[in-house]
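Novice:
In the UniProt record's numbering, the protein residues as written are 1 to 387.
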């Protein structure tokens with residue numbers, strides 16, 4: 001199979017007939033460990049941690065037509081292990097290449113997600129490429145450092161045999177963002193977020209894509225100034241007099257609302273939109289920058305950990321905005337679907353950056369399952385119209 005990699009330069013690349021946009025996702029996983037972010041400000045409390053999913057299931061289409069909720073289940077031993085490793089896959093970034101850089105245990109690679117009601121098929125690359133043949137898939141994400149010079153953050157992958165493009169667009173807040181001091185950028189600079197203006201870094205790219213996958217979360221924990229109509233309305237951890245600390249939840253909610261509204265209103269966009277939900281951190285005995293550790297090597301059971309506190313609030317914020325956007329999207333004939341991975345990843349302690357191979361490979365299996373079901377639904381609809 002032939003494939004070609006095109007760098008995104010100045011936001012432009014040669015268009016192919018179909019694509020998938022990752023606004024982050026896992027076939028091309030780009031994640032910066034929180035340990036590289038020297039944020040001196042207080043981050044939200046870390047491990048609190050299963051919740052009942054019944055409150056969101058009925059309205060987020062997590063249950064497929066065959067009655068199986070693939071997001072409710074448990075991790076089970078899988079002796080065969082991953083289908084690739086750090087030696088056979090040249091695309092693993094150093095931040096995720098845990099075995100290459102000395103992670104001593106390998107048991108974490110020998111678990112699989114098992115839904116309660118059905119079997120989740122292994123990821124099948126050949127089947128996936130047939131599913132997306134002639135498509136553009138894009139992921140808009142928050143996982144890498146905007147000022148990094150690593151060209152992997154700005155790549156499109158073109159699979160010539162399938163006329164398929166896989167792209168990764170980096171937009172940590174989904175809305176327009178600027179350093180409060182543009183002349184002195186650091187990892188913990190205060191950022192100005194224009195909460196009612198979608199980031200053109202992704203809005204200028206996605207109109208012709210067939211599948212767009214959003215995910216974001218951890219960058220909102222840093223000091224932020226919130227602007228609406230170009231006026232300061234509040235902040236998060238800014239320590240500024242006469243400016244209300246609205247908490248990061250305010251900016252997080254508004255950013256998702258703006259992003260979903262932007263993609264729903266794009267004139268040429270007729271694609272399928274996915275939200276991959278918040279991925280919890282797993283630091284215990286302190287925050288990541290205050291002595292916390294994530295040394296566990298086996299999954300939690302549902303009795304050992306619950307989704308609560310700031311992680312639950314973050315997740316529910318996403319779900320609320322997704323459900324509202326999904327309702328509006330339906331009026332325009334657009335499909336919004338949720339990759340509800342929060343609980344799944346909560347049960348797999350691995351700090352926050354995730355090792356490859358590792359738990360995040362499950363995201364591909366979940367996505368492929370959902371795309372298969374969607375493909376079957378489309379075929380059934382065509383048959384019903386014919387007969």
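Here a beta-carbon is modelled for each residue, glycine too, at the ideal position from N, C-alpha and C.
The structure displayed is predicted, hence computed values, not measured ones.
1) Let's see if you can read the secondary structure: which residues bound the alpha helix (DSSP H) around residue 319?
2) Taking three-plus beta-carbon pairs below 8 angstroms as touching, is the segment 226 to 242 in contact with the segment 207 to 216?
3) If you drop the 5 nearest sequence neighbours on each side, which residues of the same chain put their C-beta closer than 6 angstroms to that of residue 301?
4) Bridge partners for residue 355 per DSSP, in chain order?
5) Please state whether the Cβ-Cβ distance between residue 136 and residue 211 is less than 9 angstroms.
6) Would you mind reading off the limits of the alpha helix (DSSP H) that contains residue 253?
7) CA-CA distance, residue 390 and residue 274?
8) Since residue 228 sits in a beta bridge, which residues does DSSP pair it with?
9) Using three-state DSSP, classify residue 369 as helix, strand or coil.
10) Quick check: the Cα distance between residue 100 and residue 358, rounded to an integer number of angstroms?
11) In the structure shown, what three-state DSSP assignment does residue 342 receive?
12) Quick check on the burial criterion: 16 or more other C-beta atoms within 10 angstroms. Buried or exposed for residue 299?
13) Pull up the distance between the alpha-carbon of residue 279 and that of residue 134, whole angstroms please.
14) Cα-Cα, which of 271, 361, 344 and 356 is closest to residue 337?
15) DSSP state of residue 130, grouped into three classes?
16) Give me the Cα-Cα distance between residue 245 and residue 179, rounded to the nearest whole angstrom.
17) Run the CB neighbour count on residue 89, radius 10 Å, all protein chains shown included, and call it buried at 16 or more, exposed below.
18) Would you decide whether residue 204 is buried or exposed? Buried here means 16 or more other CB atoms lie within 10 Å of its CB.
19) What are the start and end residues of the alpha helix (DSSP H) that includes residue 201?
20) Assess, as a yes-or-no matter, whether the segment 363 to 374 is touched by the segment 337 to 348 under the definition of 3 or more beta carbon pairs within less than 8 angstroms.
21) Could you check what DSSP says for residue 374 in three-state terms: helix, strand or coil?
22) Is residue 405 near residue 242, with beta carbons less than 9 angstroms apart?
23) Can you find the residues in the same chain that come closer than 8 angstroms, C-beta to C-beta, to residue 255, ignoring five residues on each side of it along the sequence?
24) Quick check: the Cα distance between residue 297 and residue 91, rounded to an integer number of angstroms?
Specialist: Reading off the structure:
1) 309 to 331
2) no
3) none
4) None; residue 355 has no bridge partner.
5) yes
6) 247 to 265
7) It is not possible to answer for residue 390, since the shown part of the chain is limited to 1 through 387.
8) 231
9) helix
10) 13 angstroms
11) helix
12) buried
13) 30 angstroms
14) 271
15) helix
16) 18 angstroms
17) exposed
18) exposed
19) 200 to 203
20) yes
21) helix
22) No answer is possible for residue 405: the residues shown for the chain start at 1 and end at 387.
23) 173, 174, 175, 193, 195, 216 and 220
24) 24 angstroms
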